[in-house]
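In UniProt numbering, the protein residues as written are 1 to 85. Here a beta-carbon is modelled for each residue, glycine too, at the ideal position from N, C-alpha and C. Keep in mind the model is a prediction, meaning the values are calculated, not measured. This report concerns only the one structure given below.
Next up, the structure:
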């Protein structure tokens, strides 16, 4: 998917961004912060396809250290560690 999308974007002079969701839907109706390894795989797949940037949906709930979910703060810390931020 990433490679095909990138080829089309390049053909028409567009820039590709990925929307890396920071939540998981393993349980019906209940959305929880994603495990870092799963987020890393998504970001690495986009990077291999030479995507320019990554965005996420609902940072405040699923990745912010101020989130009600403790896992969100852990995800944020792992992300910062991985990217040396």
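Where does residue i land, buried or exposed, given buried means 16+ other C-beta within 10 angstroms?
i          : result
residue 39 : buried
residue 68 : exposed
residue 46 : buried
residue 6  : buried
For residue i and residue j, what's the separation of their Cα atoms in angstroms?
i          : j          : result
residue 71 : residue 30 : 14 Å
residue 26 : residue 32 : 8 Å
residue 58 : residue 22 : 7 Å
residue 61 : residue 34 : 11 Å
residue 17 : residue 85 : 20 Å
residue 4  : residue 13 : 14 Å
residue 8  : residue 1  : 11 Å
residue 74 : residue 15 : 31 Å
residue 44 : residue 28 : 27 Å
Out of the options, which one is the CA nearest neighbour of residue i?
i          : options       : result
residue 41 : 60, 62, 8, 19 : 19
residue 79 : 6, 36, 67     : 36
residue 24 : 83, 66, 56    : 56
If you drop the 5 nearest sequence neighbours on each side, which residues of the same chain put their C-beta closer than 7 Å to that of residue i?
i          : result
residue 64 : 72, 76
Once you ignore the five residues that flank residue i on each side, which residues in its own chain have a CB closer than 8 Å to its CB?
i          : result
residue 82 : 36, 40
For the stretch 42–77, list the beta strand (DSSP E) runs that are entirely contained and at least 3 residues long, ordered along the chain. Here the runs fully enclosed are 53–55.
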